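S.K.: Got a structure here, written out as structure tokens. Questions coming.
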Amino acid sequence: MEYTKTPPLPREAPKMPTRRLLPLLLFFTLISSCAQKPKPVLPPKVTGTETFSLVSQWMLDNPGGAIAITSETLGRTLLITRDKKGELHTLDSWCPHQGCSVSPAQGDHLECPCHISKFSIEGGHISGPAPAGLIEYAHVQQGDELTVDFSDRTLRDANGIVIVEK
Ligand code: FES
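Note that the sequence shown ends on residue 302 in this note's numbering; no numbers are left out.
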């Protein structure tokens, strides 16, 4: 007598009811959206003004130029840059990722040495882990003097949208 083996029937995977799946999906969406948008780490707010001399600052003569200058009011370095349109920008050197000091890099951008976040000459975020651009302060130029108002600050997120004003 001869027996033939029949293959076992394929088992169906147990189905998870949609009712249970929905809260799980919402939970993971929430977690991933939080993980993707770290908040910028900001320095304590400073008020007051400080005047800087631009005499002998030949690095600012041409578009794309940038200098790092010590600010007593700020207690750290201020970056002064000139963009392609010829306008000056007064930027905080504080990196919004973890607070390292951003410096003018070779080329036409600013760079944080800690985790290599790159910023445009206008302070906008280009690349790297920093969740925002650099803080920009309002300023007034009179001849070779540049007066920076630290009470008037603007911070833009990585897409250039203003997230902190004044
Ligand atoms: S502190 Fe600047 S990139 Fe991390």
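Where a beta carbon is used, it is the ideal one built from N, C-alpha and C, also for glycine.
What you are looking at is a predicted structure, and each value in this text was computed from that prediction instead of being measured.
Please state the DSSP three-state secondary structure of Leu196.
M.R.: Three-state DSSP puts Leu196 in a helix.
S.K.: Output needed for Ile271: all residues of its chain with C-beta closer than 6 Å, excluding positions within five of it in sequence on either side, in chain order.
M.R.: Asp228, Arg289, Leu291
S.K.: Would you say the beta carbon of Gly269 is closer than 7 Å to some non-hydrogen atom of the ligand FES?
M.R.: No, Cβ of Gly269 sits at least 7 Å from all heavy atoms of the ligand FES.
S.K.: With 16 as the cutoff for other CB atoms within 10 Å, does Val284 come out buried or exposed?
M.R.: Burial is judged here by how many other beta carbons sit within 10 angstroms of a residue's own beta carbon; Val284 has at least 16 and is buried.
S.K.: To the nearest angstrom, how far is the alpha carbon of Cys170 from that of Pro265?
M.R.: Residue placement at Cys170 is flagged as unreliable, the pLDDT there being 49, under the threshold of 50; the coordinate-derived value follows with that caveat. Cα to Cα, the separation comes out at about 15 Å.
S.K.: Ala266 by DSSP, collapsed to three states: which one?
M.R.: coil
S.K.: Short of 8 Å in beta carbon distance, which residues of its chain neighbour Thr183, apart from the five on each side in sequence? Order them along the chain.
M.R.: For Thr183, where only same-chain residues beyond five positions count, the Cβ hits under 8 Å are Phe286, Ser287.
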